[in-house]
Structure formats: C-alpha cells, structure tokens
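Asks:
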Ligand SMILES: *[C@@H]1O[C@H](CO)[C@@H](O)[C@H](O)[C@H]1NC(C)=O
Ligand SMILES: *[C@@H]1O[C@H](CO)[C@@H](O)[C@H](O)[C@H]1NC(C)=O
Ligand SMILES: *[C@@H]1O[C@H](CO)[C@@H](O)[C@H](O)[C@H]1NC(C)=O
Ligand SMILES: *[C@@H]1O[C@H](CO)[C@@H](O)[C@H](O)[C@H]1NC(C)=O
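Numbering (mature numbering (1 follows the signal peptide of the UniProt record, and there is no 0)), first residue to last: -23 to -1, 1 to 252.
Structure representation (structure tokens):
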C-alpha cells in the first residue's frame, strides 16, 4: 500500500517535471518533423505544402504548448458562437451556439501552401473529407422564410470540404528569430453536401413540423448553406485564426521558411512597431 502510493507519487512527479521541461514559450530549435524549405530556391511550394501537412499531423498527435492553451485538435472545443444577421433575404437570425465541438480536422489534407515573397502572407488550399460541428443552439428568426425558434442540439456536417485559406501576417522578431503575427484570416469554401439536424425545433411544439423542416433543410442544403454561410465562414475563420496564432507565436517562421527576411529587412530599419 505504502509502496504503491509512493511509486504513484513518483510517477506524478515525473509527469510534472516532463511537462515543465516540454512546455516552452517558443521553439529555438527546428522540430525534427519539419522539412527545410527555402523560398528563394526552386521547389519551395512543394516543400512548404509538405511542411504544413507535417505540422497538421503533429497538431493531431499533440504539440504540448498548443494542447495546454487550446486543447486537442480533433475533436476540438470551440468558443461559444454568438451570431446575429439582419436584413438578409434568406436569413434573419440570431443564434447562440454553446458547447461547440468541431471534428474532422485530423483528416486535413494540405493541397498547396503558397507563401508570398512580397509580404509573406499565405494562400493555403486545404481539403477535409468531413467537418462536423456539434453544439447546443438557441435560435430565433427565419431561415429560408421559415420562422424558427428553439433550443436544443444541432449538428452541421459538411462533406468534401475545399478550403481556400488566405492569411495575412506581420513579421516580428523574438530572440533573434523571425516570427509571424497572424493579423487576418479569410476563408472560401466549396463542398459537395451539407447535412444538418436541429433537435427540438419550435421548442417541441410540433414534432411533425420539426421533422419536415429538417428534411427541407437537407433537401435544399445549398440554400440552407447560403443562408447560414456567414455563420459557417466565421466559425471556420475563428478556428484557423486561433490555431495559427498560437502555432506561429510558438514556432519561428524561420523553421518554415529558412531564408525568410528579418522584419527590418522586409519593412525597413525605421519600422519598429510590433517589435
Ligand atoms: C515534393 O516534396 C516531397 C517531400 O519533400 C518530395 O518527396 C517530392 O519529390 C517533391 N516533389 C517534387 C515534384 O519536387
Ligand atoms: C443570445 O445571447 C445573447 C446574450 O447572452 C442574448 O441577448 C440573446 O437573446 C440570445 N439569443 C437567442 C436567440 O437566444
Ligand atoms: C470553388 O469552386 C469554384 C468554381 O468551381 C472555384 O472557382 C473556386 O476556386 C473554388 N474554391 C475553393 C475554395 O475550392
Ligand atoms: C500582433 O498584432 C497585433 C495587432 O494586429 C498587436 O496588437 C500585437 O502586439 C502583435 N504581436 C506581436 C508579438 O507583434
């Protein structure tokens, strides 16, 4: 009894020490999983594409510093979403999503990662076989002319999702390395299908109408997607923004683009903002 609790204590101590050693403010050595890519040499886009793919695989395995501040990558917990859309033909809606869980990102395939030599922003083509959002919703308004009000569980499942991710960054210097400060993220999406289910629509007043309304949204998924597009785009942009901000404050840009200029070289000597 004594012995086993002693060894348990030692085990916990070892885990604690390991965590203390592993969690760093930022990397000072290139992680072994990243290939060496140089933007002023041929084959950069191919190299960069592999590099970002490796990064995603590592996120799925778990990068300690990201796990600590963001949590697991797949399924991931996403911040509550408060959404309001007025004066739109297809949807006038106020929706609150809580307990939001998004799954599918571990199957991400990076199709292309381009980096601009002008401002070092990125353009990334990404494919996800399936992205699914589960949440508790509270909703009031109209979608496709159907008045909705209810609260309950919602899922939205998007199949064959093509994402074009446009990222703007501002380079800054830390500890002799060049880092990316992600300043804006925009996404464009294409998909082959959207499935959805809103439980307890109309607060359970009519199961039959709720069922046929869900059926209608699924039969007319393109219209449903168009109606909720701002909400879906915002959710995907927020996810990428949060993850990329954390990753690129942690891992120097030099480890992705070895010959990236310093902020001084790129912006000129008199630019001391973001230092
Ligand atoms: C692209 O990069 C991968 C991995 O770095 C390499 O194996 C492959 O040969 C490259 N392809 C081309 C066309 O350069
Ligand atoms: C969403 O939350 C806000 C703030 O908590 C609240 O004012 C609003 O009524 C909620 N919307 C719905 C549809 O419940
Ligand atoms: C979506 O499809 C359109 C039309 O085929 C294409 O022009 C656009 O590049 C695609 N966007 C993405 C993100 O795949
Ligand atoms: C990153 O940019 C934001 C503004 O977009 C700024 O407030 C912040 O200080 C910057 N961080 C670093 C480390 O440069």
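Where a beta carbon is used, it is the ideal one built from N, C-alpha and C, also for glycine.
Please go through the same chain and pick out, in chain order, the residues whose beta-carbon is closer than 8 Å to the beta-carbon of residue 13, but skip the five residues on each side of it.
Replies: 7, 24, 235
Asks: I need the DSSP call for residue 181, collapsed to helix, strand or coil.
Replies: The three-state reading of DSSP puts residue 181 in helix, counting H, G and I together.
Asks: Would residue 148 and residue 4 be called neighbours here (beta carbons separated by less than 8 Å)?
Replies: Result no, Cβ atoms of residue 148 and residue 4 do not sit closer than 8 Å.
Asks: Does ligand 2 have a heavy atom nearer than 7 Å to the CB of residue 68?
Replies: no
Asks: Might you give, ordered along the chain, the residues of its own chain that have their beta carbon closer than 8 Å to the beta carbon of residue 239, omitting 5 neighbours on each side?
Replies: 148, 150, 155
Asks: Among 222, 30, 176, which one has its Cα closest to the Cα of residue 88?
Replies: 30
Asks: How do the segment 62 to 80 and the segment 94 to 103 stand: do at least 3 beta-carbon pairs fall below 8 Å, yes or no?
Replies: Contact fails between the segment 62 to 80 and the segment 94 to 103, because fewer than three Cβ pairs, one in each stretch, are under 8 Å apart.
Asks: Less than 8 Å between the C-beta atoms of residue 51 and residue 21, yes or no?
Replies: Going by beta carbons, residue 51 and residue 21 fall outside the 8 Å limit.
Asks: Run through DSSP, which three-state label would residue 86 get?
Replies: strand
Asks: From the DSSP secondary-structure annotation, give me the bridge partner or partners of residue 129.
Replies: 114
Asks: Would you kindly report the start and end of the unbroken alpha helix (DSSP H) that includes residue 200?
Replies: 198 to 227
Asks: Looking only at DSSP bridge pairs, what is residue 154 linked to?
Replies: The partner list for residue 154 (beta bridge, DSSP) reads 151.
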